[in-house]
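Accompanying notes for the structure given below.
Protein chains: 2
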Amino acid sequence: MSPVTYKLASEKTKETQHISDISVGKKIPLGKYLFQRVLSAGTKSIFGVPGDFNLPLLEHLYERDLVEQGLRWIGTCNELNAAYAADGFSRYSNKIGCLITTYGVGELSALNGVAGAFAENVKMLHIVGVAKSSAKHENKNIHHLIPNLHDSNFKRPNHKVYYEMVKDRVCCSAEYLENIDQACDQIDKVIRDIYRYSKPGYIFIPVDFVNELVETTNLLVTPVIDLESSLARPDEVTVIEVAQMIADWIYQSGNPGLVGDVLTDRYDATKMLNDFIQLTKMWNFTTVNGKSIIDESNPWYMGLYNGDEGVSTVIDRFHKCDLVLNFGLDINEINHGHYTFKYKPNSKIVELHPTYVRFLDTEYGTERLFKGLNFVFVLKELINRINPKECMFSYDLSVRKFCSEEIKTPEDGNDDAEASTITQNKLSKMIPDYLNPGDIVVCETGSFQFAMRDIVLPPQVKYMSQGFFLSIGTALPAAVGVGIALQDYPNQHINNFGAVDHNYKPRLILLEGDGAAQMTVQELTSMIRFQIPIEIMLWNNNGYTVERAILGPTRSYNDIMPWDWTKLFAAFGDFEGKYTRSTAIETTSKLLLKLNQLKNEGNRDIIEMVEVKLGVMDYPHQLKHMVEAAKVRQVRQ
Amino acid sequence: MSPVTYKLASEKTKETQHISDISVGKKIPLGKYLFQRVLSAGTKSIFGVPGDFNLPLLEHLYERDLVEQGLRWIGTCNELNAAYAADGFSRYSNKIGCLITTYGVGELSALNGVAGAFAENVKMLHIVGVAKSSAKHENKNIHHLIPNLHDSNFKRPNHKVYYEMVKDRVCCSAEYLENIDQACDQIDKVIRDIYRYSKPGYIFIPVDFVNELVETTNLLVTPVIDLESSLARPDEVTVIEVAQMIADWIYQSGNPGLVGDVLTDRYDATKMLNDFIQLTKMWNFTTVNGKSIIDESNPWYMGLYNGDEGVSTVIDRFHKCDLVLNFGLDINEINHGHYTFKYKPNSKIVELHPTYVRFLDTEYGTERLFKGLNFVFVLKELINRINPKECMFSYDLSVRKFCSEEIKTPEDGNDDAEASTITQNKLSKMIPDYLNPGDIVVCETGSFQFAMRDIVLPPQVKYMSQGFFLSIGTALPAAVGVGIALQDYPNQHINNFGAVDHNYKPRLILLEGDGAAQMTVQELTSMIRFQIPIEIMLWNNNGYTVERAILGPTRSYNDIMPWDWTKLFAAFGDFEGKYTRSTAIETTSKLLLKLNQLKNEGNRDIIEMVEVKLGVMDYPHQLKHMVEAAKVRQVRQ
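Line order of the protein sequences matches chains A and B.
Letter by letter, the first sequence follows residues 1 to 637 in UniProt numbering.
Letter by letter, the second sequence follows residues 1 to 637 in UniProt numbering.
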């Protein structure tokens with residue numbers, strides 16, 4: 001047995017916790033305990049909106065020793081935006097994105113953001129300030145609470161109605177604090193569950209509990225709760241057995257490939273997977289939801305595989321693989337090309353998931369399933385165990401790494417007068433050049449999201465998009481959350497510093513649609529308020545083009561009110577134009593100049609809004625392809 | 001037995017339905033059926049946001065005969081705003097406010113607006129476009145749907161998870177259409193339930209059902225569904241008995257009073273109640289949630305009674321009443337002054353509610369409860385039955401009707417230099433003069449809402465505010481909904497035309513706070529898009545002053561980013577300043593001039609934004625009073 005030398009990423013970034021106020025025998029208010037616990041889980045910034053049921057809790061934000069540890073409040077314009085921001089914060093930092101809302105009115109407003117985090121495996125803690133603990137015994141319809149449908153003038157309302165709505169549905173853990181003696185354990189449980197399941201968790205904290213004194217024992221015994229300590233530790237013999245089985249399959253394979261899917265990143269195994277690629281030189285594929293986990297600059301990057309909906313040359317490559325290691329896989333309609341994801345016939349497959357590792361030999365129809373085994377431990381062991389010299393890959397050397405040029409669009413080679421019009425297909429060729437290694441891209445749900453799938457990203461670019469839940473409007477506040485996370489954990493996403501200039505300050509870029517932006521536009525103000533430098537590409541195509549592609553191209557339901565996007569920041573707080581710069585662009589040549597300027601200029605403190613005018617019915621060929629495939633499916637059914 | 005001659009309001013406004021396409025034996029698509037049914041329930045305008053699960057349904061919006069009946073789509077910037085707008089639409093029109101959203105992402109975003117409508121007894125129909133009917137048999141994680149927490153790669157998700165969240169919680173009725181043969185009955189049931197319970201209802205319509213053909217029998221048999229036809233008809237003998245009992249108690253009373261509470265309006269009995277007041281000349285009181293149901297210009301108006309939290313002179317008046325008829329009462333924390341609402345000892349009380357009528361004789365401790373009896377029928381019978389000549393009221397003639405001057409504030413008589421600063425107490429004295437008879441006021445949740453309680457409104461003013469659920473940000477989109485309803489049903493709120501000039505076009509006025517406005521600000525654009533003339537008083541006090549009053553007056557969590565409110569419309573679509581006019585005002589004198597101009601000028605087509613600068617810690621005495629009372633309660637507990 002080889003010594004386990006490979007370290008998990010989390011082991012290296014763990015900071016010594018500074019807990020000045022916590023000592024044996026001392027009691028502290030529950031509100032303080034909660035925030036200390038959030039800090040101990042690695043989260044410094046908390047998003048949210050005040051309300052009378054959470055105000056006494058928010059008071060504890062200002063305790064000096066908590067502030068010294070970096071705790072801060074990021075007030076957003078509304079609760080949905082707070083949830084989206086917390087989502088972005090976690091996607092970037094891999095810490096827990098935390099938001100605080102108030103009973104009913106606040107928590108319900110945030111719900112769609114929580115559900116999105118659930119669907120996309122994002123770590124989120126939603127703390128809700130609720131009615132005082134004695135309220136449940138009272139026959140009172142308190143404000144923010146929905147009364148009973150019948151006999152509400154007589155019957156006691158259900159004070160836990162909102163808790164019951166979310167429990168076991170949009171969260172992996174939900175604790176309603178009802179007994180002060182159990183409150184600390186309940187808080188710790190939710191935080192551990194969030195790391196363990198990489199899903200949102202809820203803490204419902206009664207307004208009268210926050211100043212009750214509680215023991216600090218938990219904080220002393222467990223000063224840090226992080227991803228690694230929250231995972232169930234697997235049996236080491238099993239880990240070794242499984243890793244060896246995978247190694248053996250790799251040694252037997254002539255044409256292996258691996259897929260880097262979304263849960264790889266959520267379980268902090270992104271660097272490990274890229275190291276594994278470098279070690280083995282194995283063909284590798286990304287997915288819709290896993291995009292940018294694999295550093296696409298690696299020489300063995302073979303493209304984004306998405307079943308029948310992907311690029312045909314990528315499908316060809318994928319179907320050459322006689323062994324596929326599918327890391328962190330998440331099977332859903334979007335991520336698996338409307339369930340057209342298929343392995344090569346008679347191939348071997350290893351599914352590596354946070355809750356299971358499964359071996360499938362489709363030639364012999366055999367399966368071995370290891371339930372309860374988190375793939376992260378297996379990957380760690382595999383890296384230590386694999387011997388590249390034993391690998392006998394016989395890749396077809398005429399197959400090169402994937403490049404965007406494999407995609408042909410109608411615009412290619414078209415240099416006529418129309419060439420000045422900006423189209424999304426043209427954009428998809430301009431964007432890769434616009435990005436520098438190490439940049440961070442947040443992409444809104446919408447038509448251009450489809451184009452981003454096949455863009456080959458420069459090294460160490462972090463890409464974030466809500467690829468499966470697909471709630472438009474998420475990206476704008478999520479970018480605020482990413483900006484806050486970048487302040488708290490600069491360059492957290494860069495795991496290969498060789499590829500990025502040490503002095504380079506990564507840019508945060510938001511690719512946003514107009515219809516989506518109208519949903520959550522007020523959060524632009526937080527970029528000024530919290531000093532988040534960002535470049536916003538605002539695709540102005542007069543409505544919901546992604547819906548027009550599906551149905552109703554000229555219907556009024558797909559229209560929105562035309563806005564002047566360049567005037568927003570002046571209203572939203574940059575009265576003298578000190579912090580922002582806004583430009584509207586209509587031609588390809590001007591856009592190229594602008595993108596080039598942004599890419600190369602040293603100014604990294606400004607908020608940049610570029611309103612890019614696009615055709616109402618212009619959308620990328622990938623979306624066209626998907627819509628056509630859907631129509632074919634419909635006819636078949 | 002006297003002949004029942006008094007007509008319910010709904011009987012008079014009922015329009016002949018125009019159903020050109022509906023004939024015996026003909027089948028129509030379910031989508032068309034649904035919209036025809038919505039029209040038949042009196043609703044022409046539908047709010048919402050498109051999404052791929054509702055697009056095929058939205059196509060039916062454009063069927064010619066439906067458009068001819070006035071059906072139209074009001075696309076809002078996001079789903080929460082759509083729900084708020086539908087809420088405002090219903091509050092004004094007393095029809096059903098209808099919104100359409102898409103599976104998951106849309107319906108969850110709207111949820112807080114639906115819950116608010118539930119808490120405040122607002123008629124709302126939420127139509128959700130959901131996964132196709134066969135999806136439930138498929139093991140697929142489709143987009144917008146949250147997967148299972150465990151084993152989501154293997155286990156079939158719950159396609160009805162969102163339906164299960166809302167059912168029996170935030171709606172009075174929820175039908176998930178799963179069998180096309182029952183779909184029409186299910187739709188009709190939800191619409192009837194909404195009228196019957198005056199709460200939101202849900203219809204979940206699978207995307208593949210909307211083009212399935214259904215029978216038109218229901219539309220032919222029941223061409224109209226309205227409030228009256230949806231109520232369970234009571235036994236006539238009981239109605240007469242109850243009405244006579246009330247009449248007898250009135251005849252025996254020397255000092256009777258009545259309360260006009262919120263459900264009076266929801267059950268369309270506002271005009272009846274005001275007629276009853278004119279008939280009997282009985283002292284009358286309004287409530288927080290019922291404000292403006294009683295025309296406050298009547299000579300026997302005695303103020304807003306809200307338990308200990310109201311004005312002391314009003315409390316005195318209320319406690320002189322030896323009989324109180326409480327019409328449409330809704331008992332909750334806010335509406336009953338934190339449960340300090342008390343009747344005079346040894347008095348008689350009649351509670352008149354949509355689901356019961358209760359007689360209480362507190363002197364003898366006797367009670368008679370008529371369950372299942374809707375007060376509307378009783379009131380109608382009572383008006384026909386009561387003989388004013390038999391009333392023997394012995395009111396103290398020194399008690400005059402309530403006037404706002406009874407409220408003393410620190411500003412009274414203060415003419416010094418500080419007098420130029422605008423305060424909320426001053427505003428509360430300026431607003432009544434600013435209003436014309438017949439105007440419509442929508443007031444945001446926030447500090448100024450408390451001042452509005454005791455303002456005596458001019459005749460026939462309709463006032464709307466979310467007084468109990470208290471979700472900030474509701475009023476702005478709700479005002480859009482009111483504006484749309486005003487287009488569909490002009491002057492619907494005026495039931496005494498003698499008090500309003502026949503040629504007068506009522507103004508729509510929104511009283512809005514800055515913190516609240518930031519929540520839902522994008523919906524300002526809909527005022528331009530749908531040509532809604534409105535006057536917006538934007539109280540700019542740099543944050544959540546209503547929360548500062550409670551806790552954290554200088555805390556950052558109560559801060560918001562300062563905006564230039566006068567620049568918003570230029571970005572939101574009025575590029576050349578044609579449709580809007582925006583002004584910022586800092587002094588009392590300038591504000592008085594502006595209010596006077598708005599009150600008197602003939603221009604009723606413009607959108608007017610008046611940004612009124614207020615002190616950060618300035619709030620009306622009513623809020624101060626409530627906060628102090630809450631502190632006393634806290635100490636006592």
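Each residue gets a CB set at the ideal place from its N, CA and C atoms; glycine is no exception.
Source: prediction; values computed, not measured.
Who are the Cβ neighbours of residue i in its own chain at under 6 angstroms, not counting the five residues just before and after it?
{"i": "A/Asp618", "result": "Thr423, Gln424"}
{"i": "A/Asn54", "result": "Ile100, Thr102, Gly129"}
{"i": "B/Ala247", "result": "Arg385, Ile386"}
List the residues of chain B that residue i touches, going by C-beta distances under 8 angstroms, in chain order.
{"i": "A/Lys199", "result": "Leu149"}
{"i": "A/His353", "result": "Asn153"}
{"i": "A/Phe327", "result": "The contacting residues do not exist; A/Phe327 stays about 13 angstroms from chain B at best."}
{"i": "A/Gln522", "result": "Gln518, Met519, Val521, Gln522"}
Just grab the DSSP bridge partners of residue i for me.
{"i": "B/His338", "result": "Bridge partners of B/His338: none, in fact."}
{"i": "A/Ala126", "result": "Looking at the sequence itself, residue 126 of chain A is His, so the reference to Ala does not match. Paired residue(s): A/Leu99, A/Tyr202."}
{"i": "B/Gly513", "result": "B/Trp539"}
{"i": "A/Trp283", "result": "A/Gly257"}
{"i": "A/Met464", "result": "A/Val442"}
{"i": "B/Trp73", "result": "B/Ile46"}
{"i": "B/Asn306", "result": "B/Asp308"}
{"i": "A/Arg555", "result": "The partner list for A/Arg555 (beta bridge, DSSP) is empty, contrary to what the question assumes."}
{"i": "B/Asp361", "result": "B/Lys348, B/Thr366"}
{"i": "B/Ala584", "result": "B/Glu611"}
{"i": "B/Ser173", "result": "B/Gly201"}
{"i": "A/Thr421", "result": "A/Thr587"}
Would you mind sorting residue i into buried or exposed? The rule is 16 or more other CB atoms within 10 Å of its CB.
{"i": "A/Thr520", "result": "buried"}
{"i": "A/Ala417", "result": "Annotation note: pLDDT 47 at A/Ala417 (below 50); position unreliable, no value reported."}
{"i": "B/Tyr364", "result": "exposed"}
{"i": "B/Asn503", "result": "exposed"}
{"i": "A/Ala485", "result": "buried"}
{"i": "B/Pro299", "result": "exposed"}
{"i": "B/Gly42", "result": "buried"}
{"i": "A/Glu547", "result": "buried"}
{"i": "B/Asp501", "result": "exposed"}
Just the chain B side, please: which residues come within less than 7 angstroms of residue i by C-beta, in chain order?
{"i": "A/Ile142", "result": "Glu333"}
{"i": "A/Asp52", "result": "Glu547, Ile550"}
{"i": "A/Cys443", "result": "In chain order: nothing, as chain B lies at least about 16 angstroms away."}
{"i": "A/Tyr339", "result": "Lys140"}
Against residue i, what residues of chain A qualify as contacts under a CB-to-CB distance less than 9 angstroms, listed in chain order?
{"i": "B/Val616", "result": "The contacting residues do not exist; B/Val616 stays about 15 angstroms from chain A at best."}
{"i": "B/Phe469", "result": "Gly104, Val105, His143, His144, Leu145, Ile146"}
{"i": "B/Tyr301", "result": "Those do not exist, as B/Tyr301 stays about 25 angstroms from chain A at its closest Cβ, beyond 9 angstroms."}
{"i": "B/Ile560", "result": "Gly75, Cys77, Thr525, Arg529"}
{"i": "B/Ala119", "result": "Gly104, Asn141, His143, His144, Leu145, Ile146, Pro147"}
{"i": "B/Tyr251", "result": "By Cβ distance, chain A contributes nothing, its closest Cβ being about 27 angstroms from B/Tyr251, past 9 angstroms."}
Excluding the five sequence neighbours on either side, which residues of its own chain have a C-beta within less than 7 angstroms of the C-beta of residue i, listed in chain order?
{"i": "A/Val239", "result": "Phe377, Val378, Glu381"}
{"i": "B/Met245", "result": "Phe359"}
{"i": "A/Ser428", "result": "Ala451, Ile455, Pro620"}
Chain A partners of residue i, CB-CB under 7 angstroms?
{"i": "B/Asn78", "result": "Gly473, Met519"}
Excluding the five sequence neighbours on either side, which residues of its own chain have a C-beta within less than 8 angstroms of the C-beta of residue i, listed in chain order?
{"i": "A/Lys401", "result": "Asn298, Pro299, Trp300, Tyr301, Met302"}
List, in order along the chain, the chain A residues whose C-beta lies closer than 8 angstroms to that of residue i?
{"i": "B/Trp563", "result": "Thr525, Ala571, Phe572, Gly573"}
Next on the checklist: Closer than 7 angstroms between beta carbons: that is the criterion. Which residues of the region 160 to 183 of chain A meet it against chain E?
Outcome noted: Structure shown: chain E not included; protein chains present are A and B.
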